[in-house]
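Chemist:
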Amino acid sequence: MRSLKISIQEQDFSIDDECAVMRAVHKDIGALATFTGLVRELDDENSSQQSVSSLYLEHYPGMTEKNLQEIAEEADLRWPILDIVIIHRIGELKVSEQIVFVGVSSMHREAAFAACAFIMDFLKTKAAFWKKSITENQERWVEAKNSDAKATEKWAETKHKR
Amino acid sequence: MRSLKISIQEQDFSIDDECAVMRAVHKDIGALATFTGLVRELDDENSSQQSVSSLYLEHYPGMTEKNLQEIAEEADLRWPILDIVIIHRIGELKVSEQIVFVGVSSMHREAAFAACAFIMDFLKTKAAFWKKSITENQERWVEAKNSDAKATEKWAETKHKR
Amino acid sequence: MATVHYFASIREKLGLSTEQLELPSQVDTVNALVALLIEQHGSSWEEVLKKSSVLVAVNQSVVSFTSPVTNGDEVAFFPPVTGG
Amino acid sequence: MATVHYFASIREKLGLSTEQLELPSQVDTVNALVALLIEQHGSSWEEVLKKSSVLVAVNQSVVSFTSPVTNGDEVAFFPPVTGG
Numbered sequence: 356m357r358s359l360k361i362s363i364q365e366q367d368f369s370i371d372d373e374c375a376v377m378r379a380v381h382k383d384i385g386a387l388a389t390f391t392g393l394v395r396e397l398d399d400e401n402s403s404q405q406s407v408s409s410l411y412l413e414h415y416p417g418m419t420e421k422n423l424q425e426i427a428e429e430a431d432l433r434w435p436i437l438d439i440v441i442i443h444r445i446g447e448l449k450v451s452e453q454i455v456f457v458g459v460s461s462m463h464r465e466a467a468f469a470a471c472a473f474i475m476d477f478l479k480t481k482a483a484f485w486k487k488s489i490t491e492n493q494e495r496w497v498e499a500k501n502s503d504a505k506a507t508e509k510w511a512e513t514k515h516k517r
Numbered sequence: 356m357r358s359l360k361i362s363i364q365e366q367d368f369s370i371d372d373e374c375a376v377m378r379a380v381h382k383d384i385g386a387l388a389t390f391t392g393l394v395r396e397l398d399d400e401n402s403s404q405q406s407v408s409s410l411y412l413e414h415y416p417g418m419t420e421k422n423l424q425e426i427a428e429e430a431d432l433r434w435p436i437l438d439i440v441i442i443h444r445i446g447e448l449k450v451s452e453q454i455v456f457v458g459v460s461s462m463h464r465e466a467a468f469a470a471c472a473f474i475m476d477f478l479k480t481k482a483a484f485w486k487k488s489i490t491e492n493q494e495r496w497v498e499a500k501n502s503d504a505k506a507t508e509k510w511a512e513t514k515h516k517r
Numbered sequence: 058m059a060t061v062h063y064f065a066s067i068r069e070k071l072g073l074s075t076e077q078l079e080l081p082s083q084v085d086t087v088n089a090l091v092a093l094l095i096e097q098h099g100s101s102w103e104e105v106l107k108k109s110s111v112l113v114a115v116n117q118s119v120v121s122f123t124s125p126v127t128n129g130d131e132v133a134f135f136p137p138v139t140g141g
Numbered sequence: 058m059a060t061v062h063y064f065a066s067i068r069e070k071l072g073l074s075t076e077q078l079e080l081p082s083q084v085d086t087v088n089a090l091v092a093l094l095i096e097q098h099g100s101s102w103e104e105v106l107k108k109s110s111v112l113v114a115v116n117q118s119v120v121s122f123t124s125p126v127t128n129g130d131e132v133a134f135f136p137p138v139t140g141g
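Chains as they are written, first to last, in this note's numbering: chain H, 356 to 517; chain F, 356 to 517; chain D, 58 to 141; chain E, 58 to 141.
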């Protein structure tokens, strides 16, 4: 891995700006995979299907950054990665706002796609963030999803490639 | 699939602009996976490792759009997708310039990641584009890569999920 | 009349991107069209169009060289695709 | 002194985000620290901190409740993470 940017911030981000930084410096990038997570209006667990008006995101300063660093380093052991950017917003975020960004550059697309998906799966289950869902009538801390735990398990079978 | 944009164009594109269009209209997007392919300075097949100064991209007007439409429709059969954007540039493109963009929005990340990777794999092997690599001393039509053919084969095992 | 397009390395080697020609009734497959093109343009076309990697599309769908062609069709010869 | 942080639903239920306390020498594991906290704050803390889903980190690494703690450590209690 050539560069790693980890940022936990209240302010919004621009995908173009993050990609431009990677592209400006280096001429060997052939592939750039990104993932952006957004606040959805309807929430899976909310059985009444009440519209979410916002999310509140909390983290553990210090530990969260360490978690993300470890996840990025693990991805780097598995795939030939050039640059990684991980941004996660905290505080109150409204519907359609951006929550999280993961960008991975590589020479070829397989590594970029796989590492980007890997980082998201582990961010969801290993990084110290907590999310509260706010509707017109209630606030509720979101429960960890079984499907997210399963998503990380599939990577156990992935052999180290480097 | 709710919306599909296919554009074959000479001009550059902005990832933010493409994502903003999807995000502005709908409030149910939770996940947005993108892939951007860039012109790399060093070319795999060029054994002399001479620096690529530009690529020239040609397509088959009419058929290329049809190929991309079919690929997007096949992705839509396999995963619960909301919006797809496919942009491919043609003409002469310099090192670090953007060549191709695939953006897929979905409620959840698995579908967005898988469909984005699927579309790229099939775009590489089924869409009527041809690429010429231009170095200081020579021009050479790029050969189709065996690894790209193999990348499409892996999707044969993917079960239809809808 | 059939329209024939040539793309990428094939276009460059043949020095032609598009032509229109009347297909005689016995020219009813891609293979027969290739024979006609070689006859009309000369034997230098043989090594280009008979290369095993060459692909053909009729009316914008990739088909085999034994597929039918007829007047009114749009035929295209091209190498394996390399976009992305 | 050990620093103890509480996050998310646990912070809200306890009504406390951070505290510092002197660990007596016999309080040398997370389990013993939990017992001390319940003793100091009252039995309402028991149902919050003894819930099976509660996670604990010592010096910013997730550990088991049988792991050692000592004065100077940073301990944190939190529910399963739900970022992204």
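The beta-carbon is built from N, C-alpha and C at its ideal position, and this holds for glycine as well.
Keep in mind it's a predicted model, so treat the numbers as computed, not measured.
1. Spell out whether any CB of chain H is found under 9 Å from the CB atom of F:Lys487.
2. Between the Cα of D:His98 and those of D:Gly72, D:Pro81 and D:Gln83, spot the shortest distance and give me the residue it belongs to.
3. Within 10 angstroms of its Cβ, does H:Asp503 collect 16 or more other Cβ (buried), or is it exposed?
4. Taking only three categories from DSSP, how would you classify H:Thr419?
5. Would you mind stating whether D:Val138 and F:Lys505 have Cβ atoms separated by less than 9 Å?
6. Which residues, taken in chain order from the stretch 64-91 of chain E, show a beta carbon closer than 7 Å to some beta carbon of chain H?
7. Is there a C-beta anywhere in chain H that falls below 9 Å from the one on F:Val450?
8. Would you kindly work out how many angstroms separate the C-alpha atoms of F:Lys421 and D:Val113, rounded to a whole number?
9. In chain F, which residues lie less than 7 Å from H:Glu396 when you measure between Cβ atoms?
10. Where H:Ile474 and H:Thr513 are concerned, what is the direct C-alpha to C-alpha distance, given to the nearest angstrom?
11. Quick one: does H:Ile370 have its CB under 9 Å from some CB of chain F?
12. At a Cβ threshold of 9 Å, is E:Phe122 touching chain H?
13. Could you have a look at F:Thr480 and say whether DSSP puts it in helix, strand or coil?
14. Ordered along the chain, which non-local residues of its own chain (more than five positions away) have a Cβ less than 7 Å from that of H:Thr507?
15. Am I right that F:Ser409 and F:Leu437 are in contact with their C-beta atoms under 8 Å? What's the rounded C-beta distance?
16. Roughly how many whole angstroms lie between the Cα atoms of E:Pro125 and F:Ile454?
17. So is F:Asp372 buried or exposed if we call it buried at 16+ other beta carbons inside 10 Å?
18. Roughly how many angstroms lie between the CA atoms of F:Ala388 and E:Val132, to the nearest whole one?
19. Going by alpha carbons, who is nearest to F:Leu423 out of F:Ile439, F:Ala386 and F:Leu412?
20. DSSP on F:Trp496, reduced to helix/strand/coil?
21. With DSSP as the reference, label E:Leu73 as helix, strand or coil.
22. Can you tell me where the alpha helix (DSSP H) with F:Lys505 in it begins and where it stops?
23. For H:Lys509 and E:Ala65, what's the separation of their Cα atoms in angstroms?
24. Looking at chain E, is there any beta carbon in it that lies within less than 9 Å of the beta carbon of H:Lys360?
25. Using a Cβ-Cβ cutoff of 8 Å, what residues of the stretch 449-472 of chain F are near chain H? List them in chain order.
26. Taking 8 Å as the threshold, find out whether the stretch 375-395 of chain H comes into contact with the stretch 461-472 of chain H through three or more Cβ pairs.
27. Roughly how many angstroms separate the alpha carbons of E:Glu104 and E:Glu69, rounded to a whole number?
28. Please classify H:Val380 as buried or exposed, where buried requires at least 16 other C-beta atoms within 10 Å of its C-beta.
29. Which chain H residues are close to F:Lys513, counting only those with a beta carbon under 9 Å from its beta carbon?
30. Just to confirm the assignment: which complete alpha helix (DSSP H) runs, minimum length 4, are found wholly within the stretch 79-140 of chain D?
31. Checking 9 Å against the spacing of the C-beta atoms, do H:Ala466 and H:Pro416 come in under that value?
32. Got a sec: is the Cβ-Cβ distance from E:Gly129 to anything in chain H below 9 Å?
33. Output, in chain order, the set of chain F residues within a Cβ distance shorter than 9 Å of D:Ala114.
34. Would F:Ala511 be called buried (16 or more neighbouring beta carbons within 10 Å of its own) or exposed?
35. For H:Asp398, does the count of other Cβ atoms within 10 angstroms reach 16, so buried, or fall short, so exposed?
36. In angstroms with no decimal places, state the Cα-to-Cα distance between H:Gln366 and H:Glu413.
Modeler: Looking at the atomic coordinates:
1. no
2. D:Gly72
3. buried
4. helix
5. no
6. Phe64, Ala65 and Ser66
7. yes
8. 16 Å
9. Lys382 and Asp383
10. 14 Å
11. yes
12. no
13. helix
14. Asp476, Phe477 and Thr480
15. That pair is no contact at about 35 Å.
16. 55 Å
17. exposed
18. 36 Å
19. F:Ile439
20. strand
21. coil
22. Asn501 to Glu508
23. 28 Å
24. no
25. Val450, Ser451, Met462, Arg464, Glu465, Ala467, Phe468, Cys471 and Ala472
26. yes
27. 14 Å
28. exposed
29. The sequence as given places Thr at residue 513 of chain F; Lys does not occur at that position. The premise fails here: F:Thr513 is roughly 14 Å from chain H at the closest Cβ pair, so nothing lies under 9 Å.
30. 87-98 and 101-106
31. no
32. no
33. Tyr415, Met418 and Ala483
34. exposed
35. buried
36. 14 Å
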